[in-house]
Structure formats: C-alpha cells, structure tokens
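Participant:
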Amino acid sequence: MLLETGEVDINTRDALDRRTPISWASMNGHEAVVKMLLDTGKVKINSRDPVGRTPLSYAFNNGHEGVVKMLLNTGNIEARLNGRCSQTALSWAAENGYQIVVKMLLDT
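271 is the number of the first residue of the sequence shown in the working numbering; add one for each residue after it.
Structure below.
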C-alpha cells in the first residue's frame, strides 16, 4: 500500500481548506480511512485547520460517533483544547446536543 512506502506525507494539507486527510476522513465519517491513518502512528491527530477545528470536532459536529470513539481511544486527543471561538470540544458538543459525545468526552 502507498502509505507503507513511507513516501507519503499523511499530514499534508489541501490547498483550498488547509485540512489534513484525518480531518477530511473524520468530517465524512470514513471509519476505515480514519483507522488506516491512525494505524500509521504518524498522523497529527490534534491538527487544526485555519478556523481552529480538529478531526475530533469535525467528527462530532457531523454526528460520526464511531469516529469520535476511535479518536478518543487513541489516548492522544487533546479534547480540552480551545478552538478559535474559545470553545472546548466538550462545550461545543453540549451546546449542539450531542449527548453521546458529551458522555464520551467526560469519560476520557
């Protein structure tokens, strides 16, 4: 597989939105892709786009609970980081009614 060659920068950002592959996969709920990227051990899991959103925030904002769980289970998520609007992942999830995500965040 291409990822195994070591010739791919898995943290590269797209030119338009400046999002990483893990952000795109998290935003769209692609669990298999998220797992594949996480399995490399090289992904910058707390990377932020220009507006301060992380892969975790994309996942829970779009209701992708499976991806949220995968990201939190890495043990490397900084869920309490504030975004551009000074909101933590927990406050954002609570404000938007994502009860399951709130519980997941509180349990980490």
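Ideal Cβ positions, reconstructed from N, Cα and C, are used throughout, including at glycine.
Buried or exposed, going by whether 16 or more other CB atoms sit within 10 Å of the CB of A329?
Facilitator: Counting from 1 along the sequence shown, the entry for residue 329 is found at position 59. Label assigned to A329: buried.
Participant: Grab the span of the alpha helix (DSSP H) containing Q357 for me, first residue to last.
Facilitator: Translated into the one-based positions of the sequence shown, residue 357 becomes position 87. It is not in any alpha helix (DSSP H) - Q357 carries neither H nor E in the DSSP assignment.
Participant: Of all the options E365, V313, M297, which has the alpha carbon lying nearest to the alpha carbon of H334?
Facilitator: Mapped onto the sequence shown, residue 334 falls at position 64. Here the closest residue by C-alpha is M297.
Participant: Looking at the secondary structure, which residues open and close the alpha helix (DSSP H) in which D309 lies?
Facilitator: Within the sequence shown, the letter at position 39 stands for residue 309. Segment 301–309, the alpha helix (DSSP H) holding D309.
Participant: L326 to E277, Cα distance in whole Å?
Facilitator: Position 56 of the sequence shown holds residue 326. Position 7 of the sequence shown holds residue 277. Taking the straight line joining both Cα atoms gives about 26 Å.
Participant: So, at 7 Å on beta carbons, what are the nonlocal neighbours of N332 in its own chain, with the 5 sequence-adjacent residues on each side left out?
Facilitator: Mapped onto the sequence shown, residue 332 falls at position 62. Around N332: M297, G299.
Participant: Where K339 and I292 are concerned, what is the direct C-alpha to C-alpha distance, given to the nearest angstrom?
Facilitator: Here residue 339 is taken as the residue at index 69 of the sequence shown, counted from 1. Here residue 292 is taken as the residue at index 22 of the sequence shown, counted from 1. Computed Cα separation, rounded: 14 Å.
Participant: Less than 6 Å between C-beta atoms, sequence neighbours within five positions excluded: which residues of the same chain meet that for A364?
Facilitator: On the sequence shown, position 94 is the one that residue 364 refers to. The residues are V372.
Participant: Tell me which residue opens and which closes the alpha helix (DSSP H) that N331 is part of.
Facilitator: The residue labelled residue 331 in the question sits at position 61 within the sequence shown. Unbroken alpha helix (DSSP H) run through N331: 325–331.
Participant: S296 by DSSP, collapsed to three states: which one?
Facilitator: The residue labelled residue 296 in the question sits at position 26 within the sequence shown. Correct three-state label for S296: helix.
Participant: Let's see if you can read the secondary structure: which residues bound the alpha helix (DSSP H) around N316?
Facilitator: Reading the sequence shown from its first residue, position 46 is the one you call residue 316. Where N316 is concerned, there is no enclosing alpha helix (DSSP H), given that its DSSP letter is neither H nor E.
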